[in-house]
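Asks: Input: one structure, supplied below.
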Amino acid sequence: MYPERPAGIAFGGDYNPEQWPRETLDEDVALMREAGVNLVSLGMFSWALMEPEEGRYTFGWLDEVIDRLHEAGVAVDLATPTAAPPAWFVARHPDVLPVTREGTRIGFGGRQSACSSAPAFRAATARLVRALGEHYRGHPAVVMWHVHNEYGAPLGECYCDHSVAAWRVWLRQTYRDIPALNDAWGATFWGQTYTDWSEIDAPRANHTVLNPAQRLDYARFSDGQHREHYALQRDILRELTPGIPVTTNFAGTVNCKSTDLWRWAREVDVIANDHYLKAELADNHIDLAMSADLARSVAGGGPWMLMEHSAGAVNWQPRNLAKRPGELRRNSLAHVARGSDSVLFFQWRASRFGAEKFHSGLVPHAGTDSAQWREVVRLGADLRALAGVRGGRVRAEVAIVWDWESYWALELDWRPSVDLTFRERMDAFYEALWREHVTVDFVHPSADISGYRVVVAPSSYLLTEASAKNLHRYVEAGGNLLVAYFSGIVDEHDTLHPGAYPGALRELLGLSIEEFHPLREDETVELGGRERITARVWSERVRPAGAVTVRAFAAGPDAGHPAFTRHDLGAGTAWYLATAPVTGPVNGPVNGPVAGPVSGLRELLAQVLDHANVSRPRGLPDTLELVCRGGHVFLINHGGEPVTVEGVSGVSVFDGVRHDGAVTVAPGAVTVVVETPHP
1 MYPERPAGIA
11 FGGDYNPEQW
21 PRETLDEDVA
31 LMREAGVNLV
41 SLGMFSWALM
51 EPEEGRYTFG
61 WLDEVIDRLH
71 EAGVAVDLAT
81 PTAAPPAWFV
91 ARHPDVLPVT
101 REGTRIGFGG
111 RQSACSSAPA
121 FRAATARLVR
131 ALGEHYRGHP
141 AVVMWHVHNE
151 YGAPLGECYC
161 DHSVAAWRVW
171 LRQTYRDIPA
181 LNDAWGATFW
191 GQTYTDWSEI
201 DAPRANHTVL
211 NPAQRLDYAR
221 FSDGQHREHY
231 ALQRDILREL
241 TPGIPVTTNF
251 AGTVNCKSTD
261 LWRWAREVDV
271 IANDHYLKAE
281 LADNHIDLAM
291 SADLARSVAG
301 GGPWMLMEHS
311 AGAVNWQPRN
321 LAKRPGELRR
331 NSLAHVARGS
341 DSVLFFQWRA
351 SRFGAEKFHS
361 GLVPHAGTDS
371 AQWREVVRLG
381 ADLRALAGVR
391 GGRVRAEVAI
401 VWDWESYWAL
411 ELDWRPSVDL
421 TFRERMDAFY
431 EALWREHVTV
441 DFVHPSADIS
451 GYRVVVAPSS
461 YLLTEASAKN
471 LHRYVEAGGN
481 LLVAYFSGIV
491 DEHDTLHPGA
501 YPGALRELLG
511 LSIEEFHPLR
521 EDETVELGGR
531 ERITARVWSE
541 RVRPAGAVTV
551 RAFAAGPDAG
561 HPAFTRHDLG
571 AGTAWYLATA
581 PVTGPVNGPV
591 NGPVAGPVSG
601 LRELLAQVLD
611 HANVSRPRGL
621 PDTLELVCRG
631 GHVFLINHGG
641 EPVTVEGVSG
651 VSVFDGVRHD
661 GAVTVAPGAV
671 TVVVETPHP
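Per full-length UniProt numbering, the very first residue in the sequence shown carries number 1; after that it's consecutive.
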């Protein structure tokens, strides 16, 4: 379900009129009209104003704001303000304040400051949401409900008594009896066998490592408690306002580790994601693209909503860099290119007080006589011109396996190397594909992947037997699977698959691993071949059992043994990479002349892509982002030189210029062409 209004691409952001004098509302409405704003999120943190004392609801101030917005043609994404319980409520129920793993109860004054398992919090939530839903059902301005804010960030896990009580209930429902739990957790190790549910505590901080299976289950449980709190509100709103979509904003698909968004996707009516640039990260537009692709994938390939990003600097990074001229436009349109039907910001007007007063807004402290405001107005015009892209789909021939449970399990304590991190491998593979101009989807390892020419599994440490069989069937049916090291190692309980590594993938990859050889912090190894590739982090002793060696280690603890292998199985091929190639200068032509850095990983990936006949443009600099969505070709130039793209014919959306086979994109610019179908 997707909101029918506003038409075209939604444009606007969080609006917090309670932070400003009453007369500012008139100016805000006028400026929204000037900029072309058509959707705002309202009421996000205003519980204290909606319910100043228990059971007394005051919506008059909100009525005035919503009515004025409606008169101006601005639709409302109305929030339930449960991410910020009021002081009176916390004073009456101090037990709702979360407890950290170390046993510290947090104080009042932040956000996400109530435990999702606390009965008093759930009861107050239900009363408030019912009052809000009853008051605004039927209001023509309200086109969507926005529940809570960024579940899982900053509150992922709580260790209070309410959480422990709910945890024991969850364990009973999951395992049914104590012997089954003991078996799943391997409780005979270190004498952890339980005889009664009441003996089981949360995995609190300890002077040594705790049972990894217990910690993995606690991550599942904690995420599930947040989903229950969301569903409590959603179900009330669905009852009172049927037909109005209900969602919540994810705290960044790639950056919020604690939420399993494959599970969340089943609960929300529309996928809504927040993304903030890592200001100091070189080529941070690649992280943005990755977040957008993952949001689209969680949405099942359909449209999704960019619920928050920033017009300029944020306020919470070590160094909060303002966006350069044109960056606001490039960032916003890149999200649209990758499936978003909205461009929304935090926030409309920059705050004068509070923790986020140095966070940018669409209306900056400098006011409307500023370069930023002029960019905002231009962006509004661009998005109106792009109305035809709404609902368009992005097609991908390549998929990356992403599993939050594997993320959680991999980064628990006492792994073979501290350098084994989920995002490091994900980022490396995604960047290499991005620089190859390959658009990707993300998939769960158990999903239907039959439609992809190539599937890449950069970090599948936890892989169930069922998921391993799914990958096996994909390859046998003609697919190409590329697996990176330390994958297929454990099952859903963080228990090693039986036999040699990589247990769940041995037969599929046609090899076994005799021993891991993690590398020292600054140690590197080399892969042999016409042009040698330098690698870091990892080496291992691979023993082929059907696989053939494509590249061998030329140095290091496994010199002479396979580093990159290929196993033909059925109609398809399974590839395996036993190390982490580093980024470096071009060693030779990779798909033609390429400017900028390239990695050995990109060279190996290109070999797999070519084997699978994956189509992609050749010879473009990797500063040029090219994405096709619903008959629109988005060309985003992140570099300082003009780029000419061949093979694109059609009409430019923004200036009406017709292109017959070639488009030149100016430095830092964005061109969108509606393609002319070939005869």
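Glycine is no exception: its CB is placed at the ideal position from the N, C-alpha and C atoms.
Between the alpha carbons of tryptophan 262 and histidine 444, how many angstroms are there, rounded?
Replies: Rounded to whole angstroms, tryptophan 262 to histidine 444 spans 8 Å at the Cα level.
Asks: Can you name, in chain order, every residue of its own chain whose Cβ lies under 6 Å from the Cβ of residue 680, other than the five neighbours on each side?
Replies: A query on residue 680 cannot be resolved here, the shown segment of the chain reaching from 1 to 679 and no further.
Asks: Within the continuous alpha helix (DSSP H) that includes leucine 620, where are the two ends?
Replies: Per DSSP, leucine 620 belongs to no alpha helix (DSSP H) and is neither H nor E.
Asks: My understanding is that proline 544 touches leucine 508, with C-beta atoms under 8 Å, so please give their C-beta distance in whole angstroms.
Replies: No, proline 544 and leucine 508 are not in contact; Cβ-Cβ is about 13 Å, not under 8 Å.
Asks: When you compare the CB of asparagine 315 with every CB in chain C, is at least one pair closer than 8 Å?
Replies: The structure shown has no chain C; it contains just one protein chain.
Asks: Verify whether the separation of the beta carbon atoms of glutamine 233 and threonine 24 is less than 8 Å.
Replies: Contact flag unset, no.
Asks: Would tyrosine 2 and proline 242 qualify as a contact pair, given that the criterion is a beta-carbon distance under 8 Å?
Replies: No; because the gap between Cβ atoms is not below 8 Å, this pair is not in contact.
Asks: Quick check on asparagine 637: buried or exposed, where buried means 16 or more other Cβ atoms within 10 Å of its Cβ?
Replies: Its Cβ being crowded by 16 or more others within 10 Å, asparagine 637 is buried.
Asks: Buried or exposed: glycine 12, going by 16 or more other Cβ atoms within 10 Å of its Cβ?
Replies: Result: buried.
Asks: Alpha carbon to alpha carbon, how far is arginine 168 from tryptophan 197?
Replies: Cα to Cα, the separation comes out at about 6 Å.
Asks: Quick check: histidine 309 and asparagine 331, are their CB atoms within less than 8 Å of each other?
Replies: Yes, these two residues count as a Cβ contact at 8 Å.
Asks: Nearest-angstrom Cα distance between tryptophan 56 and leucine 49?
Replies: First, the amino acid is wrong: residue 56 is arginine here, not tryptophan. Their backbone Cα atoms lie some 10 Å apart in a straight line.
Asks: Going by DSSP, what residues sit across from leucine 496 in a beta bridge?
Replies: BP columns for leucine 496 point to Val490.
Asks: Exposed or buried, what is serine 487 when buried is set at 16 or more other beta-carbons lying within 10 Å of its beta-carbon?
Replies: So serine 487 counts as buried.
Asks: Short check: CB of residue 717 to CB of phenylalanine 346, under 8 Å?
Replies: Lying outside 1 to 679, the shown extent of the chain, residue 717 is not represented and no answer is given.
Asks: According to the Cβ coordinates, are leucine 210 and alanine 409 closer than 8 Å?
Replies: Not in contact: leucine 210 and alanine 409 (Cβ atoms no closer than 8 Å).
Asks: If you reduce the DSSP assignment to three classes, tell me which class serine 46 lands in.
Replies: Coil.
Asks: When the Cα atoms are used, what is the spatial distance from valine 586 to glycine 326?
Replies: Its pLDDT being 35, under 50, valine 586 is placed unreliably in this model, and the value from its coordinates should be taken loosely. If I take the Cα positions, the gap works out to 29 Å.
Asks: Could you check which residue in Asn320, Ser340, Gly391 has the C-alpha nearest to that of lysine 357?
Replies: Looking at the Cα atoms, Asn320 is the closest of the given residues.
Asks: Using the Cβ count rule (16 or more neighbours within 10 Å means buried), how would you classify phenylalanine 221?
Replies: Per the 10 Å Cβ criterion, buried.
Asks: Under 8 Å, do alanine 387 and glycine 339 count as touching if we go by C-beta distance?
Replies: Contact flag unset, no.
Asks: Would you mind giving the Cβ-Cβ distance between arginine 541 and aspartate 558, rounded to the nearest angstrom? I have them listed as a contact below 8 Å.
Replies: About 5 Å separates the two Cβ atoms, so the contact holds.
Asks: Quick one: Cα of residue 683 to Cα of serine 459, how far?
Replies: With the chain running from 1 to 679 in the structure shown, residue 683 is simply not present.
Asks: Taking its Cβ as the centre, do 16 or more other Cβ atoms sit within 10 Å of glycine 588, making it buried, or is it exposed?
Replies: Low confidence applies here, because glycine 588 scores a pLDDT of 36, under 50, leaving its location unreliable and the question unanswered by this model.
Asks: Do the segment 390-398 and the segment 470-478 make contact, defined as three or more Cβ pairs closer than 8 Å?
Replies: Too few Cβ pairs lie closer than 8 Å, so no.
Asks: Does DSSP put methionine 305 in a helix, a strand or coil?
Replies: Strand, per DSSP.
Asks: Please classify glycine 602: is it buried, with 16 or more other beta-carbons within 10 angstroms of its beta-carbon, or exposed?
Replies: Looking at the sequence itself, residue 602 is arginine, so the reference to glycine does not match. So arginine 602 counts as buried.
Asks: Is it a yes or a no for the segment 271-280 touching the segment 309-318, going by three-plus beta-carbon pairs under 8 Å?
Replies: Short answer: they touch.
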